[in-house]
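Sequence order for the protein chains is A and B.
Positions in the first sequence are counted from 1; adding 1 to them yields the working numbering.
Heads up: the second sequence at position 64 corresponds to 50 in the working numbering, and the numbers run straight through without jumps.
Some notes on the structure that comes next.
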Amino acid sequence: MKTFIFSTTLDQKIPRSFFEALTFAGSLDSAEITALIAGSLSQEQKDYLHKAGCGHIFFYTQELPQWHDPMFYLDLVENFFAEKGEPDLVILGASAINQVLAPMLAVKLKAGYVSRVISLPEPQNPHIVKRFAYSGKIISKTEIKTGKAVLLLGSNAIAPVEAEGVKTIETWDAKPATSDGVEILEVKKPETRQLLTEARIIVSGGRGMRGPEYWKPLEELAEALGAATACSRPVSDEGWRPHHEHVGQTGKVVAPDLYIACGISGAIQHLAGISGSRIIVAINKDPDAPIFQAAHYGIVGDVHKILPQLVEAARRLK
Amino acid sequence: MKIAVCISNVPDTTTRIKTDATGQKIDLNGVQWVLNPWDELALTRAIELKEQNTGLVSEVIAVMAASAAGEATLRKALAVGADRAVRIDTDPADSFEAARELAYYFEAHWADIIFTGIESSDFNGLAVGPMLATLLKIHLIPGVSGVFLENGQVLVQQEVDGMSIRLKTHQPVVMVVQKGIAIVPKIPAMRGIMTARTKPLEVLSPRKEALQTEVTAFEPLPPKAAAKMIDAEDAPRLIELLRNEAKVI
Ligand SMILES: Cc1cc2nc3c(=O)[nH]c(=O)nc-3n(C[C@H](O)[C@H](O)[C@H](O)COP(=O)(O)OP(=O)(O)OC[C@H]3O[C@@H](n4cnc5c(N)ncnc54)[C@H](O)[C@@H]3O)c2cc1C
Ligand SMILES: Nc1ncnc2c1ncn2[C@@H]1O[C@H](COP(=O)(O)O)[C@@H](O)[C@H]1O
């Protein structure tokens, strides 16, 4: 089964989502894996790929569009298929580009499409997969009825393992047609970025934090744990925190190993964004807050008193 | 300029989701249906654009693939301010079926801007917008957090991975809208509710082609044990448990 994996690099690094896709593909006996990675990459990351990758890996190292241009990536991948042959199975990790590219590729390949796949396939059959539906409230088992399949993995749904089966690593630099129809007027890049969807640990604050001036201990805890920071919707609506931190049904859907909710009540729309998390911790002064129903660990108390103690304990870990 | 908004009819988020006796279908009895939250915001922005650019935006059209159960939601879209509505009479089995039915409609009835939401809160497919653009062979702009009409040109704000980009786009175009497109959903005014009854709501037959995917079963979420509670006086123990018991830090 010809299996294709695609990823862009992010700040010279291969995102974790790529290794999740590789692990998924590597778990299938019959997969002949070909992967395409677009974007520049540090030498250290290339070396790591030699050690931990598998299959045939190609790099596309030419310049990528400045904006999030799905037509460009579709074109790039189609050119790749034209040269290397069409795959039977496409497995994409949950990056922002893949999220859009995956359904487009499914149409082009006339392949059945399933998004947000949450577990390794039934024994060796990637055409029967599990996913969340109804905003994380139920799991659906979906069968793909076409010969070809495109799967978009849920973020952090599969623990990547190092593979050690690299056959070839080479550069593939055919020139893709750029897409027209759009003129870029302005590009603003953040100075630093830790994507919520890639983060293993997230420390998140709600209205119980009381105001933006009280965020310091939360940020300190995040720093001590190497975590990203997030927030509930009212917090970003109020402008206490930037919009890209907003988690939930109308924000980002995250699935870290650890989600620490500070002063968040746990409304259903918030839970819709975090229910795939492995461990949820709730800190809330109200013992009846619904967040405790979703949590694995809980502390009832004043977040302003508790956070500094956690910061101190977390710093001692090192 | 015509603006179309693809509207998904979904259970209200607070609905408890359970399966029927077969375990293969969701029990929809007593479900409160609403406009998918993203689509509600897209519709709000489409109507704002029409109100602020009279003459330029000629029409806002709400399009839905759903059985008759979706009609009330489409009427709400009309009450909010859409000029007319189209219902393709089928409950799609997956995002592809929805996209394909919508594509057949738009091939015959072009719109200059087609809005879709980032995801429906029932399927959570993340797919209809990108699939629709690919089927129609037109441009796609994902991650749209703002749309503006200036001197007859369409300006778009895109926010992805912490990047913020301003673009000028040609039409026709499919835009996948996300947070920021509108802040507060427009709610129907009394006059809107009255006029909604007389606005056109066209029902079309679906093409109904072979399915690509099928849900064969639903499973409840794995049961979760009650949270382990840690005394507030002993908060640092949480860090120790996270390291030694949960092994996540
Ligand atoms: C269509 C729709 C979509 C939505 N989408 C989202 C979404 O994507 N994400 C989202 O988050 N919300 C969303 N919401 C809003 C959601 O319903 C809740 O209103 C929101 O999540 C509440 O945020 P919160 O928990 O920060 O605030 P609150 O509900 O006000 O909760 C604050 C909590 O802090 C606790 N607290 C107060 N002081 C302290 C203290 N000193 N120490 C410890 N705890 C304290 C309180 O006990 C309370 O539980 C949506 C709503 C709708 C209708
Ligand atoms: N049955 C449908 N009819 C019309 N639009 C739909 C339908 N299903 C999904 N959409 C649109 O596609 C978006 C994404 O849906 P999904 O791909 O199912 O997550 C929604 O926000 C709607 O704008």
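Backbone N, C-alpha and C define an ideal beta-carbon position, used for all residues, glycine too.
Since the model is a prediction, treat every value here as computed from it, not as a measurement.
So what does DSSP say about methionine 180 of chain B, is it helix, strand or coil? Look at methionine 180 of chain B here: in three-state DSSP terms it is helix.
Does histidine 297 of chain A come within less than 8 Å of chain D when only Cβ atoms are used? In the displayed structure, chain D is absent; the protein chains listed are A and B.
Taking the alpha-carbon positions, what's the alanine 232 of chain B to leucine 153 of chain A distance? Computed Cα separation, rounded: 28 Å.
Residues in the same chain with beta-carbon distance under 6 Å from isoleucine 235 of chain B, minus the five sequence neighbours each way, listed in chain order, please. So the qualifying residues of the chain are Leu228 and Arg229.
Does the Cβ of aspartate 30 of chain A have 16 or more other Cβ atoms within 10 Å, making it buried, or fewer, making it exposed? Under this definition aspartate 30 of chain A is an exposed residue.
Rounded straight-line distance, which links the Cα of methionine 117 of chain B to that of phenylalanine 82 of chain B: Between phenylalanine 82 of chain B and methionine 117 of chain B, the C-alpha separation is close to 7 Å.
What three-state label does DSSP hand glutamine 100 of chain A in the structure shown? In the structure shown, the three-state DSSP call for glutamine 100 of chain A is helix.
Spatial neighbours of arginine 132 of chain A within its chain, please: CB distance less than 8 Å, with the 5 preceding and 5 following residues excluded, ordered by chain position. Excluding sequence neighbours, arginine 132 of chain A sits near Val115, Ser116, Arg117, Val118, Ile119, Ile140, Ser141, Thr143 and Gly155.
Along chain B, which residues have their Cβ under 8 Å away from the Cβ of glycine 252 of chain A? Chain B residues near glycine 252 of chain A: Lys165.
Threonine 147 of chain A at chain B interface by Cβ criterion, 8 Å: With 8 Å as the cut-off, threonine 147 of chain A counts as an interface residue toward chain B.
For proline 124 of chain A, name the three-state secondary structure that DSSP assigns. Reduced to three states, the DSSP call for proline 124 of chain A is coil.
My assumption, with CB atoms under 8 Å, is that glycine 111 of chain B sits in contact with glycine 166 of chain B. Please give the rounded CB distance. Taking 8 Å as the upper bound for CB-CB distance, glycine 111 of chain B and glycine 166 of chain B are not in contact here, some 21 Å apart.
The alpha helix (DSSP H) enclosing glutamate 83 of chain B, as first and last residue numbers: Element bounds for glutamate 83 of chain B: 81 to 94.
Would you say the region 278 to 287 of chain A touches the region 247 to 262 of chain A, given that touching needs at least three Cβ pairs under 8 Å? Touching, yes, given that three or more Cβ pairs across the two stretches are closer than 8 Å.
8 Å is my cut-off, CB to CB: does valine 301 of chain A come that close to chain B? True, the Cβ-Cβ gap to chain B drops below 8 Å.
Residue interval of the beta strand (DSSP E) (run including valine 160 of chain B): Annotation for valine 160 of chain B: the continuous beta strand (DSSP E) segment containing it runs 159 to 163.
Can you find a heavy atom of ligand 2 that lies under 7 Å from the Cβ of phenylalanine 133 of chain A? Not one heavy atom of ligand 2 falls within 7 Å of the beta-carbon of phenylalanine 133 of chain A.
Bridge-paired residues (DSSP) for tryptophan 19 of chain B: Bridge pairing for tryptophan 19 of chain B: B:Pro(-3) [DSSP].
Taking any Cβ of chain A, which residues in the region 177 to 204 of chain B have a Cβ under 9 Å from it, in chain order? Cβ contacts with chain A come from Ala196, Leu197, Gln198, Thr199, Glu200, Val201, Thr202, Ala203 and Phe204.
In chain B, which residues lie less than 7 Å from valine 108 of chain A when you measure between Cβ atoms? Neighbours of valine 108 of chain A across chain B, judged by C-beta separation under 7 Å: Met117, Thr120 and Leu121.
If you measure from the CB of histidine 271 of chain A, is any heavy atom of ligand 1 nearer than 7 Å? At least one heavy atom of ligand 1 falls within 7 Å of the beta-carbon of histidine 271 of chain A.
Just curious, the alpha helix (DSSP H) that tyrosine 215 of chain A is in, first and last residue? If you look at tyrosine 215 of chain A, you'll find it isn't in any alpha helix (DSSP H); DSSP assigns it neither H nor E.
List, in chain order, every chain A residue whose beta-carbon is nearer than 7 Å to that of asparagine 22 of chain B. Correct list: empty, because the minimum Cβ distance to chain A is about 10 Å.
Between phenylalanine 101 of chain B and alanine 182 of chain B, is the Cβ-Cβ spacing less than 8 Å? Phenylalanine 101 of chain B places its beta carbon 8 Å or farther from that of alanine 182 of chain B.
Determine the direct distance from the alpha carbon of leucine 197 of chain A to that of threonine 0 of chain B, and round the result to whole angstroms. Approximately 25 Å, taken between the alpha carbons.
By C-beta, the residues closer than 5 Å to any heavy atom of ligand 1, given in chain order: Those residues placing their Cβ nearer than 5 Å to any heavy atom of ligand 1 are, following chain order, A:Gly207, A:Arg208, A:Gly209, A:Ser233, A:Arg234, A:Pro235, A:Gly249, A:Gln250, A:Thr251, A:Gly252, A:Gly264, A:Ile265, A:Ser266, A:Ala268, A:Gln270, A:His271, A:Asn285, A:Lys286, A:Asp287, A:Ala290, A:Asp303, A:Val304 and B:Pro23.
For ligand 2, any of its heavy atoms closer than 7 Å to the Cβ of methionine 50 of chain B? Yes, Cβ of methionine 50 of chain B sits closer than 7 Å to a heavy atom of ligand 2.
My output table needs one value for methionine 215 of chain B: the three-state DSSP class, helix, strand or coil. Correct three-state label for methionine 215 of chain B: strand.
Residues from the region 145 to 160 of chain B in contact with chain A, defined by Cβ distance under 8 Å: Listed by position along the chain: Glu145, Val146, Asp147, Gly148, Met149, Ser150, Ile151, Arg152, Leu153, Lys154, Thr155, His156 and Val159.
Determine the chain A residues that contact arginine 229 of chain B at a beta-carbon separation under 9 Å, and present them in chain order. By Cβ distance, chain A contributes Leu318.
Residue-level contact to chain B via CB, methionine 2 of chain A, 8 Å cutoff: At a cut-off of 8 Å, the C-beta of methionine 2 of chain A has no neighbouring C-beta in chain B.
Integer Cβ distance of aspartate 69 of chain B from valine 46 of chain B, believed to fall under 8 Å: With a Cβ gap of about 5 Å, aspartate 69 of chain B and valine 46 of chain B count as contacting.
Compute every distance between the C-beta of glycine 103 of chain B and the non-hydrogen atoms of ligand 2, then say whether any falls below 7 Å. With a cut-off of 7 Å, the C-beta of glycine 103 of chain B is classified as near ligand 2, since at least one heavy atom of the ligand falls inside that distance.
Pair within 8 Å by beta-carbon distance, threonine 76 of chain B and glutamate 93 of chain B: Pairing threonine 76 of chain B with glutamate 93 of chain B gives a Cβ-Cβ distance that is not under 8 Å.
Using only CA atoms, which one of B:Val189, B:Ile216, B:Gly16 and B:Ile124 lies nearest to alanine 51 of chain B? Closest option to alanine 51 of chain B, Cα to Cα, is B:Val189.
Could you run through the region 85 to 115 of chain B and flag, in chain order, every residue whose CB is less than 7 Å away from some CB of chain A? The residues in question are Ser107, Asp108, Phe109, Asn110, Gly111, Leu112 and Ala113.
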